[in-house]
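*Asks:*
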Amino acid sequence: MASTAFLVALFVVVAMVAAPVMATDHWVGDDKGWTLNFDYKTWAATKEFRVGDRLIFKYKVGAHNVYSADEEAF
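Residues -23 to -1, 1 to 51, numbered by mature numbering (1 follows the signal peptide of the UniProt record, and there is no 0), are exactly what the sequence shown covers, in order.
1) Would you mind working out which of 47, 42, -11, 5 sits nearest residue 18, comparing C-alpha positions?
2) Any contact between the segment 9 to 17 and the segment 32 to 45? By contact I mean 3 or more CB pairs, one from each, below 8 Å.
3) For residue 25 and residue -20, I'd like the C-alpha separation in whole angstroms.
4) Quick check: is the beta carbon of residue 3 nearer than 8 Å to any beta carbon in chain C?
5) Using beta-carbon positions only, say whether residue 3 and residue 47 come within less than 8 Å of one another.
6) For residue -11 and residue 39, I'd like the C-alpha separation in whole angstroms.
Shown next, in the form of structure tokens:
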């Protein structure tokens, strides 16, 4: 009985540790970056997003900007 509980606990710990490792960084717009006249809807349709993934915005400072907004600010 104790060995079953240990195996379940071990499985839970491994699952919790593995999830962040499996996260993906998505460069928004790929090689085009964050710019005008780009179809981001089509770009997003080619990606599979999961909890823990990060969106990375590559843009020209001064020409564009990106702000982080939490639920309240949004």
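Just so it is clear, CB atoms sit at the ideal spot from N, CA and C, and this is done for glycine as well.
*Replies:* On the basis of the coordinates in this document:
1) Stepping through the sequence shown from its first residue, residue 18 is reached at position 41. For residue 18, the nearest C-alpha among the options comes from 5.
2) yes
3) Here the question's residue 25 lines up with position 48 in the sequence shown. Here the question's residue -20 lines up with position 4 in the sequence shown. When rounded, the distance between both Cα atoms is 35 Å.
4) Protein chains in the displayed structure number just one, and chain C is not present.
5) As a working note, residue 3 is residue 26 in the sequence shown. As a working note, residue 47 is residue 70 in the sequence shown. Cβ atoms of residue 3 and residue 47: not closer than 8 Å.
6) The residue labelled residue -11 in the question sits at position 13 within the sequence shown. The residue labelled residue 39 in the question sits at position 62 within the sequence shown. Distance between the alpha carbons of residue -11 and residue 39: 44 Å.
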